[in-house]
């Protein structure tokens, strides 16, 4: 297959897989992100680091974009970030790693469910990956003898990456380990590497010291997975399935150089989460996926061109199949042993996530002024985005009373009896809609 034909075929597969991600409805975290983006100013956003959902730099960018575009259009923004990230990787590494090898690795990345998910999410993960890759490329130039302006670009890239989310330090650590061999065989004696490391620490401190109390309070929430082993398994499966073919084929051609041993440590970075009180959500490690793509390309550098063409087609076909919703749902249970799937088939990225349809059922069966209660598992913030009547348990307390005739929206797997006892009534099911079940709360008339 010629290069042009492959690019056309790859673009067609990518657009086919991308469309449902691009058209999906907002979910819990995205609605919270939009709420922060609607704050009156960038300064107010910076000073409102109440929970990690406020990915500050990303939220500020959304704040600006919301002044021009409606929220539904904004899924294109992370897609532009993804395109920019891929362009930077190609511009900086296609000559060093080879166009064929980089094509295979980036194809594996681009058509993977984790990439498709975060290239269309109103969250900061793709923006953080973009800044991480930008920092990596600037740091690489500086390590190879570049001018101090490259060190400054590295600093700005790190500042913006960690400004999106503190956990982007994982991606910066991966970038630093990837850069180390460029500093020579005895890289540990190269002052440039230490300048890169110290400037990264300085960037983090510069951004978060003014709001350190808010940062510590956010960490104290201990959001994440309480079973580190399952969190690591979820990350490992996602990385393995994304780059399975490049690494499997690369085993037969890869000739590791001793000077590159720091890059081996990149694989062990997710283990750091096991030493925290609560293991980070698996999605935190998405910022490392572009670095994993570079490692995958490095594995294939000695592969013949004919073999690379066959491998590229195999990667495209395998990725295209596994990224279909049916197959994603088969893989998902292995990633949800201790929490929600962050990569393959989270409920908000599947066809069953239909908040508009759920609220249409409420509209058809209940009065316009009827209270609507949604449980936490029913993703109440996403429902609230479409209907201001929706109430739910929040940080300020639980809903203590609902009148008879109220609409109650639960997740389909929730026990309605628990809510019947809580609100002192009986629950009559109206209809199941995707992930939701709509009930009517009925109470005896004691008059």
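Residue numbers (this note's numbering): 29 to 475.
Positions of the beta carbon are idealized from the N, C-alpha and C atoms, including for glycine.
Distance, residue j Cα to residue i Cα
| i | j | result |
| --- | --- | --- |
| residue 65 | residue 97 | 13 Å |
| residue 432 | residue 58 | 32 Å |
| residue 217 | residue 290 | 14 Å |
| residue 50 | residue 219 | 45 Å |
| residue 413 | residue 173 | 51 Å |
| residue 336 | residue 130 | 10 Å |
| residue 212 | residue 284 | 16 Å |
| residue 474 | residue 456 | Low local confidence applies: a pLDDT of 44 at residue 474 is under 50, so the model's placement there is unreliable, with the coordinate-based value given in what follows. Taking the straight line joining both Cα atoms gives about 19 Å. |
| residue 422 | residue 371 | 27 Å |
| residue 396 | residue 294 | 55 Å |
| residue 296 | residue 193 | 21 Å |
| residue 34 | residue 307 | 40 Å |
| residue 386 | residue 462 | 8 Å |
| residue 48 | residue 151 | 17 Å |
| residue 458 | residue 235 | 50 Å |
| residue 75 | residue 83 | 12 Å |
| residue 440 | residue 464 | 5 Å |
| residue 450 | residue 424 | 18 Å |
| residue 256 | residue 305 | 9 Å |
| residue 426 | residue 298 | 36 Å |
| residue 442 | residue 353 | 24 Å |
| residue 142 | residue 266 | 8 Å |
| residue 361 | residue 107 | 27 Å |
| residue 344 | residue 41 | 8 Å |
| residue 168 | residue 207 | 6 Å |
| residue 393 | residue 300 | 51 Å |
| residue 60 | residue 333 | 48 Å |
| residue 237 | residue 93 | 27 Å |
| residue 38 | residue 100 | 26 Å |
| residue 253 | residue 32 | 44 Å |
| residue 118 | residue 355 | 30 Å |
| residue 340 | residue 136 | 8 Å |
Residues near residue i in its chain [Cβ-Cβ closer than 8 Å; skip 5 each side]
| i | result |
| --- | --- |
| residue 391 | none |
Same chain only: Cβ atoms within 7 Å of residue i, ignoring 5 sequence neighbours per side
| i | result |
| --- | --- |
| residue 79 | 246, 249 |
| residue 45 | 139, 144, 348, 351 |
| residue 162 | 116, 185 |
| residue 70 | 88, 91 |
| residue 479 | The requested residue 479 does not occur in the structure, where the chain is confined to residues 29 to 475. |
| residue 374 | 368 |
| residue 28 | Outside the displayed range of the chain (29 to 475) lies residue 28, so it cannot be described from this structure. |
| residue 25 | Lying before the first or after the last residue shown, residue 25 is absent from the chain, which here runs from 29 to 475. |
6 Å CB neighbourhood of residue i in its chain, flanking five on each side removed
| i | result |
| --- | --- |
| residue 133 | 274, 321, 324, 325 |
| residue 122 | 130 |
| residue 471 | 432, 453 |
| residue 262 | 310, 363 |
| residue 376 | 55 |
| residue 269 | none |
| residue 155 | 86, 109, 192 |
| residue 302 | 256 |
According to DSSP, residues forming a beta bridge with residue i
| i | result |
| --- | --- |
| residue 454 | 470 |
| residue 419 | 401 |
| residue 435 | 400, 468 |
| residue 425 | 422 |
| residue 460 | 465 |
Any C-beta of chain B under 8 Å from that of residue i
| i | result |
| --- | --- |
| residue 113 | Of the protein chains in the structure, only one exists, and it is not chain B. |
Near the ligand FMN: residue i beta-carbon under 7 Å from a heavy atom
| i | result |
| --- | --- |
| residue 419 | Of the ligands one can find in the structure shown there are none, so the ligand FMN has no counterpart to examine. |
Q: At 4 residues or longer, and completely inside the segment 64–113: list those alpha helix (DSSP H) runs for me, N to C.
A: DSSP runs (the alpha helix (DSSP H)) wholly in the segment 64–113: 70–74, 84–93.
**Q.** Residue ranges of each alpha helix (DSSP H) within the segment 161–207, 4 or longer
**A.** 176–192, 197–207
Q.
Three Cβ pairs or more, each shorter than 8 Å: is that satisfied between the segment 168–180 and the segment 216–233?
A. Yes: the two stretches touch, three or more of their Cβ pairs being nearer than 8 Å.
Q: Take every Cβ of the segment 401–412, pair it with every Cβ of the segment 432–449, and state whether three or more of those distances are shorter than 8 Å.
A: Contact holds between the segment 401–412 and the segment 432–449, because three or more Cβ pairs, one in each stretch, are under 8 Å apart.
Q: Would you check if the segment 139–151 and the segment 107–127 touch, i.e. whether three or more CB-CB distances between them fall below 8 Å?
A: yes
Q: Would you mind listing the alpha helix (DSSP H) stretches within the segment 289–330 that are 4+ residues and don't spill past its ends, in chain order?
A: 289–292, 317–327
(Q) Please give the ranges of any alpha helix (DSSP H) in the segment 227–278, keeping only runs that are unbroken, at least 4 residues long and fully inside the region. (A) 240–248, 256–270, 272–278
Q. So, do the segment 307–316 and the segment 191–211 have three or more beta carbon pairs nearer to each other than 8 Å?
A. Cβ pair count under 8 Å is three or more, so yes.
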